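Heads up: the structure comes next, in structure tokens.
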Ligand code: EPU
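In the working numbering, the protein residues as written are 216 to 634.
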């Protein structure tokens, strides 16, 4: 197991290239199950979660190769197995994304229930309910969701109580091969869903309503393989913006999409960070002391829950009280206890954290609990006086491509060691 050691207090200066988005690549890889043939994905980040998804697809009969860095060729001619095992699903919840495509392609899917996780219970009842609307028979057998359908699924109207990102993605993939029209109401609108819709459209699917909360899918009989580029990772982009906000300095983030971060960039400007948006890059600097700000996580285009931990680290570096409301996941404050070990003054009351920014953090040994919590500890370590050691960084490697190397390139004193 690796740990990351940071000597804090160094401003970040230089250029960072943003990688492709993990949460876009995962559903697009799952979508290659929908039809036989050779699919090409470009700008795929090299991450642990991506490798886990590819291992899962291999067990289903898919083969793949990386002809060059970040380009993935997936051949799904041989899909013949419909079971996603507990061993793989328990390491990555996004494995549930194979449920819709397997049912559409094979008429059968047995996918382990993921169970709870570090940030909340995260049930998959919207996925199962939606598939039942499309005519799938589902049972829970020995911890597995076992679904089957004779022939094609039938279009229907699906309503989500809460917009669910992977729920919307699963329904889109299932519905594009169903018979007739499917309408998804209160659908999630995250940019990663737009990326999936673009891929499915090139594959021959008929989908209307991109970027809206009502998606209409007219099922087609067959699809064909496609070549698609993964969109830039908006959460990685936001993480580096928060980092330079915490340390000072000036960064140019290239190969990103500022339009995918509307509420986050607005908050960054409010706290006093200078943001210059260009078509596919952002120049970010901190010309003044940080102001405090209140934040409430919401589905897109609201403030992303995946940047909540990082803005908390930033707000510790401001002066004054910030109120952070987490509305998406019920247990996403695991980073608070670790930030407190570095001297942060934070009080948690249910889904609300009140941060008393003092502008001061002191290095300490801390432990990563989940992916985004790890990123907040790295930001805090970069801003702190002294040495911070972040252990269990395998969480970081799930979703940040070469984070320590990218930070080193812009002047951070950060290194990785074996524990
Ligand atoms: N929900 C249900 N039932 C369901 C599905 C969701 O009650 O069947 C609830 C969840 O418990 C949560 C809310 O609906 O309260 C929204 O959850 P959503 O389904 O949108 O989350 P997800 O699809 O499981 C994706 C990302 C997460 C990100 C969330 C929210 C992927 C692979 N994962 O998860 O990313 O936090 O959307 O934006 O796209 C991360 O990258 O660190 C990460 C956790």
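Every residue gets a Cβ at the ideal spot worked out from N, C-alpha and C, and that includes glycine.
The structure presented is a predicted model; accordingly, all values stated were derived computationally and were not measured.
{"Query": "Cβ-based burial, residue 293 [other Cβ within 10 Å; buried from 16]", "Result": "exposed"}
{"Query": "Coarse secondary structure for residue 292, derived from DSSP in three states", "Result": "coil"}
{"Query": "CB contact flag (residue 243, residue 414, <9 angstroms)", "Result": "yes"}
{"Query": "Reference residue 189, options 608, 314, 551 and 443, closest by Cα", "Result": "Given a span of 216 to 634 for the chain in the structure shown, any question on residue 189 remains unanswerable."}
{"Query": "Contact test: residue 364 Cβ vs ligand 1 heavy atom, cutoff 8 angstroms", "Result": "no"}
{"Query": "Cβ-based neighbour list, residue 464, same chain, cut-off 6 angstroms, excluding 5 preceding and 5 following", "Result": "226, 227 and 228"}
{"Query": "Where the beta strand (DSSP E) containing residue 359 begins and where it ends", "Result": "359-363"}
{"Query": "In chain order, each alpha helix (DSSP H) run of at least 4 residues that lies wholly inside the region 302-335", "Result": "314-321"}
{"Query": "Start-end ranges of the alpha helix (DSSP H) lying completely within the region 458-532, minimum 4 residues", "Result": "477-485 and 523-531"}
{"Query": "Residue 190 - containing alpha helix (DSSP H), residue span", "Result": "Because the chain here runs from 216 to 634, residue 190 falls outside it and cannot be looked at."}
{"Query": "Proximity winner among 455, 569 and 245, relative to residue 312 (alpha-carbon distances)", "Result": "245"}
{"Query": "Beta-carbon proximity of residue 354 to residue 326, cut-off 9 angstroms", "Result": "no"}
{"Query": "Pairwise C-alpha distance: residue 460 and residue 418", "Result": "41 angstroms"}
{"Query": "Span separating the alpha-carbon of residue 216 from that of residue 450", "Result": "24 angstroms"}
{"Query": "For residue 564 and residue 630, the rounded distance between their alpha carbons", "Result": "35 angstroms"}
{"Query": "Heavy atom of ligand 1 within 8 angstroms of residue 380 beta-carbon", "Result": "yes"}
{"Query": "Span separating the alpha-carbon of residue 310 from that of residue 338", "Result": "13 angstroms"}
{"Query": "Reference residue 349; option with closest CA among 576, 438, 566 and 385", "Result": "385"}
{"Query": "Same chain, Cβ closer than 6 angstroms to residue 341, five either side skipped, listed in chain order", "Result": "375, 379 and 382"}
{"Query": "Candidates 284, 269 and 231, of which the one nearest residue 278 by Cα", "Result": "269"}
{"Query": "Closer than 8 angstroms: residue 308 CB and nearest ligand 1 heavy atom", "Result": "yes"}
{"Query": "Residue interval of the beta strand (DSSP E) (run including residue 228)", "Result": "227-232"}
{"Query": "Nearest-angstrom Cα separation, counted from residue 402 out to residue 537", "Result": "31 angstroms"}
{"Query": "Rounded separation between residue 406 and residue 475 - CA only", "Result": "7 angstroms"}
{"Query": "Residue 493, buried or exposed, once every other Cβ within 10 Å from all chains shown has been counted against 16", "Result": "exposed"}
{"Query": "Segment contact, 8 angstroms Cβ cut-off, at least three pairs: the region 479-490 with the region 500-511", "Result": "yes"}
{"Query": "Identity of the residues DSSP links to residue 582 by a beta bridge", "Result": "606"}
{"Query": "Beta-carbon proximity check, residue 602 vs residue 273, cutoff 9 angstroms", "Result": "no"}
{"Query": "First through last residue of the alpha helix (DSSP H) which encompasses residue 445", "Result": "No alpha helix (DSSP H) holds residue 445; DSSP gives it neither H nor E."}
{"Query": "Whole-number beta carbon distance between residue 583 and residue 618, since they are thought to touch under 8 angstroms", "Result": "Contact doesn't hold; Cβ gap of about 12 angstroms is too wide."}
{"Query": "With 16 other Cβ atoms within 10 Å as the buried cut-off, status of residue 523", "Result": "buried"}
{"Query": "Residues near residue 432 by beta carbon distance below 6 angstroms, same chain, minus five either side", "Result": "390, 391, 397 and 422"}
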